[in-house]
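First the structure, in the form of structure tokens, and then the observations on it.
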Amino acid sequence: RLRIYDSAFSEQLRSSTSADARPVGDPAVVAAAAAATHRAVVYGLPAVYQYASMCSDCAPAEIGLPWSTNVFRHERETATASFDQFRVPNVDTVYSNGWLDLTDGPVTIDLPDFGSRYYTLEFLDANSNASNVSARTHPDGPRRVVVVTPEWDAVDLGADATPFRVATPIMWVLMRIQVHDEPGDIDRVRALQD
């Protein structure tokens, strides 16, 4: 049987009569409320979607088990039409995804020597700000990236470590490594992922 859902009967679409929920009267008050609502959606919704994605990827199956943050999940093949992590993947790179939780302090990522091979670690914070570590942005390395929040107090990380400041303590990291069109290269890329 076909059901027709009439949204006119939805509670979500009914106007509130509460003065604090829907401003009325002074046009300046109405305009200020509209502007505040617009900013809340534009700047708040990305964080909500980011958190929902993290929960979907990292939440434990049972209460009491740890969240799976600060680890990479490696795709071992190049993307095909069935790839569903995100839209429009590259077909000549292999992906690794991870969620960083910096609430207890910095997270260190040790990178191998990629040589001339294309790679990038794309960092996306809770506000949808993107930054990356790649041969383009860091041509001389780094090999050890210490991901820190802005309020982190610098300590001596050693000569081989580079602090990488990010805006929020929860970060999505997407690593891409190029696969060359030559026999056995996928195995070399998998070793770089590991």
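Counting the sequence shown from 1 gives a position; the working numbering is that position plus 2.
C-beta: ideal position from N, C-alpha, C; glycine also.
What's the gap between the Cα of W154 and the Cα of P68?
-> Reading the sequence shown from its first residue, position 152 is the one you call residue 154. Reading the sequence shown from its first residue, position 66 is the one you call residue 68. Each residue's alpha carbon lies about 24 Å from the other.
My understanding is that Q195 touches H76, with C-beta atoms under 8 Å, so please give their C-beta distance in whole angstroms.
-> Translated into the one-based positions of the sequence shown, residue 195 becomes position 193. Translated into the one-based positions of the sequence shown, residue 76 becomes position 74. 5 Å between Cβ atoms; contact.
T110 and R178: beta carbons closer than 8 Å?
-> The residue labelled residue 110 in the question sits at position 108 within the sequence shown. The residue labelled residue 178 in the question sits at position 176 within the sequence shown. Contact: no.
Helix, strand or coil for G100 per DSSP?
-> The count along the sequence shown starts at 1 and reaches residue 100 at position 98. Reduced to three states, the DSSP call for G100 is strand.
Anyone know if the C-beta pair for N99 and F116 falls short of 8 Å?
-> Taking the sequence shown and counting its residues from 1, one reaches residue 99 at position 97. Taking the sequence shown and counting its residues from 1, one reaches residue 116 at position 114. No, they are not a contact pair.
Any idea what DSSP makes of T80, helix, strand or coil?
-> By 1-based counting over the sequence shown, the position of residue 80 is 78. DSSP places T80 in coil when its eight states are reduced to three.
Skipping 5 residues on each side, what residues in its chain have a beta carbon closer than 6 Å to that of P171?
-> Here the question's residue 171 lines up with position 169 in the sequence shown. Hits under 6 Å: L104, T105, T151.
Going along the chain, which unbroken runs of the beta strand (DSSP E) with 3 or more residues stay wholly within the region 30-58?
-> none
Does DSSP put D127 in a helix, in a strand, or in coil?
-> Looking up residue 127 in the sequence shown gives position 125. Three-state result, D127: strand.
The beta strand (DSSP E) with D112 in it runs from where to where?
-> Counting from 1 along the sequence shown, the entry for residue 112 is found at position 110. D112 -> beta strand (DSSP E) spans 109-112.
Nearest to D162 by CA position, among V191, Y53, V148, is which residue?
-> Start at 1 with the first residue of the sequence shown, and residue 162 comes out as number 160. D162 has its Cα closest to that of V148, out of V191, Y53, V148.
Along the chain, where does the beta strand (DSSP E) that runs through A163 open and close?
-> Taking the sequence shown and counting its residues from 1, one reaches residue 163 at position 161. Element bounds for A163: 163-167.
Own chain residues within Cβ distance below 6 Å of A169, not counting five before or after = Within the sequence shown, numbered from 1, the residue matching residue 169 stands at position 167. Hits under 6 Å: D127, N131.
Would you tell me roughly how many angstroms separate the C-alpha atoms of S211 and Q52, rounded to the nearest one?
-> No statement about residue 211 is possible, as the shown extent of the chain runs from 3 to 196 and does not include it.
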